[in-house]
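Engineer: Residue numbering for the sequence shown follows my numbering, starting at 7 and increasing by one per position.
Submitted below is the structure of interest, expressed as structure tokens.
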Amino acid sequence: MRRVVVTGMGIVSPLGTGLEAFWQRVTAGENGIRRITHFDAGELACQIAGEVPTREEDEHGFDVDAVMDAREQRRTDRFIHFAMGAAQEALTHAGWAPATDAERERTGTIIATGVGGFPAMTAGTRLVDEKGPRRASPFLVPSFLANLAAGQVSIRHGLKGPIGAPVTACAASLQALGDAARLIRCGEADVMVAGGSEACIDKVSYAGFCAAKAMSSRRNDDPAHASRPFDQDRDGFIMGEGAGVLVVEEYEHAKARGANILAELTGYGTAADAYHVTASPPDGEGGLRAMRLALSTAGLTPDDIGYVNAHSTSTPVGDAAEIAALTTLFEGRGKDLAVSSSKSMFGHLLGAAGAVEAIVCVKALTTGLLPPSRNLEKPDEAVSRFELIPGKAIAREVDHILTNGFGFGGVNASAVFSKI
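See the structure below:
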């Protein structure tokens, strides 16, 4: 079977834009959550978010002008801006710029999203309601379609291979990586630009999630301590935004061009709960099957895994289900298995979460630093048997890392990244 390796990564996040700044802040356990600035959130139960800072707000903020000209910006939603920035960094990092028709046709694009251009949709609705249908822009629909992040990246870089856009809620970008790996393994592509992008911090989406009581509401005046995965005082997730994009390619292709190979994507699995629209079963059975499938395709056992980057979003029900699945899968393991959730630092990036956290996993493999969980003051007793890494990263070399992504509709995805 053709092997799949990671050769480039790019990121736009609430902790900053660019791999090195992002990773430095992750390992320090810094906070990327603050009061919402995109709109007036005063009427909402949750008034905080992991917003991507601008360059004016942060030296490592996102500079959209460096990625797209003013006309392109007006014609596209924010999730496309983020995808373009992350993809540009990932391709540069990989040193891959296909120059021939053959290279372009063997390079594909799969960039997922949970929602697509939600702010563009709501703004377009208001415009038509208030000023009539003739005021709608001809670019309105292409600005928000879920597949247009992949489409715009493909057009910008001339990538003519397979193209797609999983829209599977919070498992979407991990499924994008799994789909990309399959395309490479079955010989349909040599290189794939894969990941996810989300920019869903909007008053309507917040109203919906707050109505569902899925979001944290206790710490609006203390945003740095609001996202608390696996902590007994967790009360809901904090939404984040951003994008993570990885360049994955066939091992021999990467070797032949002298690419810097970062890690190998050795395993992937996906499974459905068939249980409930928004909740996982209490025993986490669907997630457990996805993890077992990922280990099976990697040819590994649970004892081979040194670190788990958990999906854990800080919701009472979701965290409990994942804890149950981890406890079953890693029966007999203790402090030799490290577990943490990156969402504690920058919130839940919905459809972009899996790709952003895959980048965290690859950086952990290449640096020997395992990322922490913030705000883990009273760990859930059911998960405290493992090494939970509160506060700051710990130095520990591991050979294989498991990462999870679960979403509404009962979608479960897991992937294994390994040292090369």
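Cβ atoms here follow ideal geometry from the backbone N, Cα and C, with glycine treated the same way.
These figures come from a predicted structure and were not determined experimentally.
Cβ of L335 within 8 Å of Cβ of E393?
Structural biologist: Cβ atoms of L335 and E393: not closer than 8 Å.
Engineer: L408 bridges to which residues according to DSSP?
Structural biologist: Beta-bridge pairing links L408 to V314 and V422.
Engineer: What does the alpha-carbon distance come out to for the pair G214 and A220?
Structural biologist: Their backbone Cα atoms lie some 9 Å apart in a straight line.
Engineer: What's the C-alpha gap between Y257 and R8?
Structural biologist: Roughly 7 Å separates the two Cα atoms.
Engineer: On the DSSP letters alone, give me the boundaries of the alpha helix (DSSP H) that Y281 sits inside.
Structural biologist: Looking at the DSSP string, Y281 is not in any alpha helix (DSSP H), and its letter there is neither H nor E.
Engineer: When burial is assigned at 16 or more other CB atoms within 10 Å of the CB, is R31 buried or exposed?
Structural biologist: When all chains shown are included, R31 counts as buried.
Engineer: Locate the alpha helix (DSSP H) running through I161, then write down its first and last residues.
Structural biologist: First-last of the alpha helix (DSSP H) with I161: L154 to H163.
Engineer: Are A269 and T372 touching if we call contact CB-CB under 8 Å?
Structural biologist: Yes; because the gap between Cβ atoms is below 8 Å, this pair is in contact.
Engineer: Quick check on DSSP: helix, strand or coil for H1?
Structural biologist: Examination of residue 1 is not possible in this model, given that the chain is present from 7 through 426 alone.
Engineer: If you draw a straight line from the C-alpha of I161 to the C-alpha of G201, how long is it?
Structural biologist: Going from the Cα of I161 to the Cα of G201 covers about 16 Å.
Engineer: Does DSSP put L379 in a helix, a strand or coil?
Structural biologist: Before going further, note that residue 379 is Ser rather than Leu in the sequence given. In this structure, S379 counts as strand in the three-state DSSP scheme.
Engineer: Taking the alpha-carbon positions, what's the I207 to L133 distance?
Structural biologist: So the two alpha carbons sit approximately 19 Å from each other.
Engineer: Please report how far the alpha carbon of L299 lies from the alpha carbon of Y274, in whole angstroms.
Structural biologist: Roughly 7 Å separates the two Cα atoms.
Engineer: Under 8 Å Cβ to Cβ from D107, same chain only, skipping five residues before and after it: list those, please.
Structural biologist: Cβ neighbours of D107 beyond the five flanking positions: K166.
Engineer: Mark Q1 as exposed unless 16 or more other C-beta atoms lie within 10 angstroms of its C-beta, in which case mark it buried.
Structural biologist: Nothing about residue 1 can be read from this structure; the chain reaches only from 7 to 426.
Engineer: What whole-angstrom Cβ distance do H317 and G416 have, given they're in contact under 8 Å?
Structural biologist: 13 Å between Cβ atoms; not a contact.
Engineer: Tell me which same chain residues have a C-beta within less than 7 Å of the C-beta of N266, skipping the five on either side of it?
Structural biologist: Within the same chain, N266 has close Cβ partners T13.
Engineer: Count Cβ pairs between the region 227-244 and the region 380-389 that sit closer than 8 Å; are there 3 or more?
Structural biologist: A contact exists between the region 227-244 and the region 380-389.
Engineer: Where do the ends of the beta strand (DSSP E) carrying L252 lie?
Structural biologist: L252 -> beta strand (DSSP E) spans G248 to E256.
Engineer: Do I190 and S222 have their beta-carbon atoms positioned less than 8 Å apart in this structure?
Structural biologist: Result no, Cβ atoms of S222 and I190 do not sit closer than 8 Å.
Engineer: Short of 6 Å in beta carbon distance, which residues of its chain neighbour T174, apart from the five on each side in sequence? Order them along the chain.
Structural biologist: Here the set comprises Q181, G413 and V417.
Engineer: Kindly confirm or deny that the region 306-325 and the region 336-356 touch, where touching means at least three C-beta pairs closer than 8 Å.
Structural biologist: Yes, they touch.
Engineer: Tell me which residues share the same chain as R41 and place their Cβ nearer than 7 Å to its Cβ, disregarding the 5 neighbours each side in the sequence.
Structural biologist: Contacts found: Q53, I54 and P229.
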